[in-house]
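Asker: FYI, the numbering for the sequence shown is 729 to 1414, going by my numbering.
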Amino acid sequence: MGEIQKQLLRAALCCLWVVAASVGAAEGGDENDSDNEFFSVFPDADVYPQPAPLLTNIYGRERRSLNGMWDIKVDEAGIGWRIGGYINDLNRGQLTGMELKETSFDDRSQLKVPGDWNSQRVDLDRYRGKMFYHKIVPVDKEEGKRYFVHFGGANYVTDLFVNDELVGRHEGGYTAFNFDVTDHIKDGQNTIIVRVDAFLDDSTIPTMRTSDFWKYGGITRDVNLLTLPEKHVSQYHVYLDDRESGEIKGWVQLSDNVQRGAVTVEIPEAGVKQKVSVGKNGRAEFSAQADLQLWSPENPKLYDVKISYDGREIKDRIGFRTIETEGQNIVLNGKPVKLYGISMHEETPLRAGMANSPEDAEVQMKLIKELGGNFVRLAHYPHNEHTVRMADKLGLMVWSEIPIVSLIDWDNEHTQQVSQAQISDNVTRDLNRASIVMWSIANETFPQSQERLEFLKGLAETARSLDASDRLIASALIGDFSKEFEEVGNHLLYSLIHDSELPEAEKDRLREMFEKTAPDDFDKDDVVTVMIKDQLGEVVDIVGYNEYFGWYYSAFFAPELGVDEGLIRDTMFKLMPKMRFNNVFGKPMIISEFGAGAKAGFHSEEGVIWSEEYQARVYRAQVDMLERSEAVKGMSPWILTDFRSHLRELNGIHETYNRKGLISETGEKKMAFDVLKNFYHEQRDL
Ligand code: GCB
């Protein structure tokens, strides 16, 4: 059908708009169903134009911020793009006042960008649907220039329209992406419409159901309009290849694989100036000797790096260091190092919602420095670029992660493609950040199947192939729970039988249980080793493990053993000094999570659950426990700041926040903050 006929049909069907839209929705509402084209202005889902290759270091390029207030339309019913939707209606002028117009964008309904919508408007507090954003952007279009709209992140599916045309679609809530809009932008006023759909299901990354954090919707990070020369530097990587000889290596990738001219790389302070010809596939590779001070948490030295091509220069600040493992050691700049840190979500004590500015990043990172930490786990997705740049600047080693959490649709080809794109975009954006010492490919995923292993192996391979500087690959693995529970259970039973004041009849009952489950050679003085065997351990360099001995474990054992939970908790604390962690792969371990919930300001002399005292007790016992395991070379307890979660609904305590933070969502420090601070300061001799 020709375009004109289509428009006529759309007009004729106008009065059926509401009916048509609701029928579409009732039928499963596949807005992209090509058989159903009256209801859609979009091509089939498989052929959505994809973003252009990611441009790195956008803050070092000629750009114009499109941050600020954007007009919005909440599209609960998902009908905004049916039969032309907002885009067509927007263009309908009202000259005589007799023309029916049902949609307009203006400053009566706006949202701030960057910013999630959930925290900006009470009526959007739990909204997970579709939203249209609209902005008029004046451009002095120059011949021979290329224009890109770059998003630091928008959650979850983003469609970009420029001057009524669909430019493309991006899927993934936490990775940066950009579209080449050169052919869509015109000289003068440009209408930019962005549709963001925050809906998640079991095939998305992350899924909605299997991860414990609020997936804030909207254009959550900076938006920029970049103006670049026709042929320009697209990406680059500059890194220290050999610490001993001081050899720096790297590559610069030109747009469109253009194989022309030369690239100059300069690090003036290190005496480096290299001019290299652009080779095959538009890539210029170089190496140089440099006299460097190495980057470390104690001395986060960054160098000015200039990359020039065709008269244009990009400036960056880059640190140089090496990271590797040797047996069960993590080795930074040739020396074994222990990683003392904390996990954090992308939220800030400065206000509700997602963090998105350098100031937000600084507040969180300075708290970690105050703790005496040298490490941060950015959970459970790539955080904004300001955060990793702040880690570079302040000196924190970073565990960077993609949102592959718990149960994933391992066999789904689309899920695999999206995951591959996420690891690739995460690595590409941050290749030059010295702070990032490991790429994490997943958090506590299951079941332990071949499909899962292949899926995750593919992600590790992608990260390794993109990152020539050999950063480590990490993941939080899964324990051998039946074995772990059995061993811990036997020790608990033994202790309850011998060291508790339970009545004799009770002890007899427990003795009977113990006799059935404990091995003949049970020895109360044996250590209990949690041995990680998850096959994913073969793929990664760092075996991460999340353990909640001070928290969930007792809630599980109390009903199993038929014993009061308070007594089990006390007994667990006695058991902790016996616990050890190791893995069958002989690799270094990081306890990527441990913790306990506490409501800031809730105190209890008895140290009941949710009190600051209980959380502090867990921290004291846990750090003591973890120091006893040779294989444990780092820790990132859960978590710096209370964060919003859709799973946490205990009235009076949660108010939709996971309370395992060392500080509350408004910045009140809990007692455990000082426990960890004292411990880290002692360990690191600060
Ligand atoms: C975990 C998860 C994390 C949760 C945490 C908890 O193991 O990795 O996403 O928030 O436990 O608080 O239960």
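We put the beta carbon where it would ideally sit given N, CA and C, even for glycine.
Model, not experiment: these values are computed from the prediction.
#1: Compute the Euclidean distance between the alpha carbons of W1127 and T1050, then round it to the nearest angstrom.
#2: So, helix, strand or coil for Q778, using DSSP?
#3: For H1331, I'd like the list of residues in its chain whose CB is within less than 8 Å of its CB, leaving aside the five on either flank, ordered along the chain.
#4: Suppose you measure from the CA of M866 to the CA of Q917; what does that come to, to the nearest Å?
#5: Taking the beta carbon of P1131 as the centre, do at least 16 other beta carbons fall within 10 Å, making it buried, or is it exposed?
#6: Identify whether P1287 lies in helix, strand or coil by the three-state DSSP scheme.
#7: Quick one: using the 10 Å Cβ neighbour count with 16 as the cut-off for buried, is M1317 buried or exposed?
#8: Straight-line CA distance for M1093 to A1162?
#9: What three-state label does DSSP hand A998 in the structure shown?
#10: If you count every other CB in all the chains shown that lies within 10 Å of the CB of V1268, and 16 or more means buried, which is it?
#11: Quick one: what does DSSP say Q1021 is sitting in, helix, strand or coil?
#12: Tell me whether N1406 counts as near the ligand GCB, meaning its Cβ is closer than 6 Å to at least one heavy atom of that ligand.
#13: At which residues does the alpha helix (DSSP H) containing V1006 begin and terminate?
#14: Is it true that the CB of G946 sits closer than 7 Å to the CB of S845?
#15: Thinking C-beta only, is Y1408 closer than 7 Å to G1100?
#16: Excluding the five sequence neighbours on either side, which residues of its own chain have a C-beta within less than 7 Å of the C-beta of D1044, listed in chain order?
#17: Taking the C-alpha atoms as reference points, what is the distance between R856 and A926?
#18: Please state whether the Cβ-Cβ distance between F876 and L954 is less than 7 Å.
#19: Nearest-angstrom Cα distance between R1412 and K1405?
#20: Roughly how many angstroms separate the alpha carbons of A754 and Y964, rounded to a whole number?
#21: For A1170 versus L1181, is the C-beta spacing smaller than 7 Å?
#22: Are V1004 and F1014 touching if we call contact CB-CB under 7 Å?
#23: Helix or strand or just coil, what does DSSP make of E1393?
#24: Return the CA-CA distance between D1253 and F941, expressed in angstroms with no decimal places.
#25: Which complete alpha helix (DSSP H) runs does the stretch 1133-1211 hold, if anything under 4 residues is left out?
#26: Beta strand (DSSP E) containing A1080: first to last residue?
#27: For I1070, which of helix, strand or coil comes out of DSSP?
#28: Identify whether F927 lies in helix, strand or coil by the three-state DSSP scheme.
#29: Output the residue ranges of the alpha helix (DSSP H) runs that lie fully inside the stretch 1340-1403 and measure 4 residues or longer, sorted by chain position.
#30: Work out the CA separation of P1231 and Y944 for me, nearest whole Å.
#31: Hey, would you say the C-beta of E1172 is under 6 Å away from at least one heavy atom of the ligand GCB?
#32: Count the other CB atoms, across all protein chains shown, that sit within 10 Å of the CB of F905; report buried if there are 16 or more and exposed otherwise.
#33: Could you tell me whether the Cβ atoms of D1139 and E1113 are closer together than 7 Å?
#34: Could you check the C-alpha separation between L1194 and Q848 for me, to the nearest Å?
#35: Could you have a look at A754 and say whether DSSP puts it in helix, strand or coil?
#36: Check each candidate in D1236, Q838, L1067, M1241 and name the one with the smallest Cα separation from N1218.
Answerer: Working from what's here:
#1: Numbered from 1 along the sequence shown, position 399 holds the residue referred to as residue 1127. Numbered from 1 along the sequence shown, position 322 holds the residue referred to as residue 1050. Approximately 15 Å, taken between the alpha carbons.
#2: Working through the sequence shown from its first residue, we reach residue 778 at position 50. In the structure shown, Q778 falls within a coil segment according to DSSP collapsed to helix, strand and coil.
#3: Locating residue 1331 in the sequence shown gives position 603, counting from the first residue. S1339, E1340, E1341, listed in sequence order.
#4: Within the sequence shown, numbered from 1, the residue matching residue 866 stands at position 138. Within the sequence shown, numbered from 1, the residue matching residue 917 stands at position 189. This sequence places Pro at residue 866; Met is not what is there. Taking the straight line from one Cα to the other gives about 4 Å.
#5: Within the sequence shown, residue 1131 is the residue found at index 403, counting from 1. P1131 is buried by the Cβ-count criterion.
#6: Residue 1287 sits at position 559 when you count from the first residue of the sequence shown. DSSP places P1287 in helix when its eight states are reduced to three.
#7: The residue you call residue 1317 lines up with position 589 of the sequence shown. The residue in question, M1317, is buried, as its Cβ has 16 or more Cβ neighbours within 10 Å.
#8: Here residue 1093 is taken as the residue at index 365 of the sequence shown, counted from 1. Here residue 1162 is taken as the residue at index 434 of the sequence shown, counted from 1. Roughly 16 Å between the two C-alpha positions.
#9: Along the sequence shown, one-based indexing puts residue 998 at 270. It is helical.
#10: For the purposes of this step, residue 1268 is taken as the residue at position 540 of the sequence shown. Buried.
#11: By one-based count along the sequence shown, residue 1021 stands at place 293. Coil, per DSSP.
#12: Within the sequence shown, residue 1406 is the residue found at index 678, counting from 1. Flag unset: Cβ of N1406 not near the ligand GCB.
#13: Here residue 1006 corresponds to residue number 278 of the sequence shown, with the count starting at 1. Per DSSP, V1006 belongs to no alpha helix (DSSP H) and is neither H nor E.
#14: On the sequence shown, residue 845 is found 117 positions in, with the first residue counted as 1. On the sequence shown, residue 946 is found 218 positions in, with the first residue counted as 1. As written in the sequence, residue 845 is Trp, which differs from the Ser given in the question. Result yes, Cβ atoms of W845 and G946 sit closer than 7 Å.
#15: To locate residue 1100, count along the sequence shown from 1; it is residue 372. To locate residue 1408, count along the sequence shown from 1; it is residue 680. Taking 7 Å as the Cβ cut-off, G1100 and Y1408 qualify as a contacting pair.
#16: Here residue 1044 refers to the residue found at position 316 when the sequence shown is read from its first residue. Hits under 7 Å: N785, G788, V1033, N1160.
#17: Looking up residue 856 in the sequence shown gives position 128. Looking up residue 926 in the sequence shown gives position 198. Approximately 5 Å, taken between the alpha carbons.
#18: What you label residue 876 is simply residue 148 of the sequence shown in a count that begins at 1. What you label residue 954 is simply residue 226 of the sequence shown in a count that begins at 1. Closer than 7 Å, so yes.
#19: The residue you call residue 1412 lines up with position 684 of the sequence shown. The residue you call residue 1405 lines up with position 677 of the sequence shown. Roughly 11 Å between the two C-alpha positions.
#20: In the sequence shown, counting from the first residue as 1, residue 754 sits at position 26. In the sequence shown, counting from the first residue as 1, residue 964 sits at position 236. Here A754 scores only 35 on pLDDT, less than 50, and its place in the model should not be relied on; the value that follows carries that caveat. Rounded to the nearest angstrom, the two C-alpha atoms are 48 Å apart.
#21: Here residue 1170 refers to the residue found at position 442 when the sequence shown is read from its first residue. Here residue 1181 refers to the residue found at position 453 when the sequence shown is read from its first residue. Contact: no.
#22: Reading the sequence shown from its first residue, position 276 is the one you call residue 1004. Reading the sequence shown from its first residue, position 286 is the one you call residue 1014. Yes, the Cβ-Cβ distance between V1004 and F1014 is below 7 Å.
#23: Position 665 of the sequence shown, counted from the first residue, corresponds to residue 1393. If DSSP states are grouped into helix, strand and coil, E1393 belongs with coil.
#24: If you number the sequence shown from 1, residue 1253 lands on position 525. If you number the sequence shown from 1, residue 941 lands on position 213. Cα to Cα, the separation comes out at about 40 Å.
#25: 1141-1158, 1178-1194
#26: Along the sequence shown, one-based indexing puts residue 1080 at 352. Per DSSP, A1080 belongs to the beta strand (DSSP E) from 1079-1082.
#27: Here residue 1070 is taken as the residue at index 342 of the sequence shown, counted from 1. Strand at I1070.
#28: Start at 1 with the first residue of the sequence shown, and residue 927 comes out as number 199. F927: coil per DSSP, three-state reduction.
#29: The qualifying runs are 1340-1355.
#30: Stepping through the sequence shown from its first residue, residue 944 is reached at position 216. Stepping through the sequence shown from its first residue, residue 1231 is reached at position 503. Pairing Y944 with P1231, the inter-Cα distance amounts to about 51 Å.
#31: Counting from 1 along the sequence shown, the entry for residue 1172 is found at position 444. Flag set: Cβ of E1172 near the ligand GCB.
#32: What you label residue 905 is simply residue 177 of the sequence shown in a count that begins at 1. A residue is called buried once 16 or more other Cβ atoms fall within 10 Å of its Cβ, and F905 is buried on that count.
#33: On the sequence shown, residue 1139 is found 411 positions in, with the first residue counted as 1. On the sequence shown, residue 1113 is found 385 positions in, with the first residue counted as 1. Taking 7 Å as the Cβ cut-off, D1139 and E1113 do not qualify as a contacting pair.
#34: Counting from 1 along the sequence shown, the entry for residue 1194 is found at position 466. Counting from 1 along the sequence shown, the entry for residue 848 is found at position 120. Approximately 37 Å, taken between the alpha carbons.
#35: Walking along the sequence shown from the start, residue 754 turns up at place 26. Below a pLDDT of 50, predicted positions are generally treated as unreliable, and A754, at 35, falls in that range; no measurement from the model is reported.
#36: In the sequence shown, counting from the first residue as 1, residue 1218 sits at position 490. Checked all of D1236, Q838, L1067, M1241; the closest Cα to N1218 is M1241.
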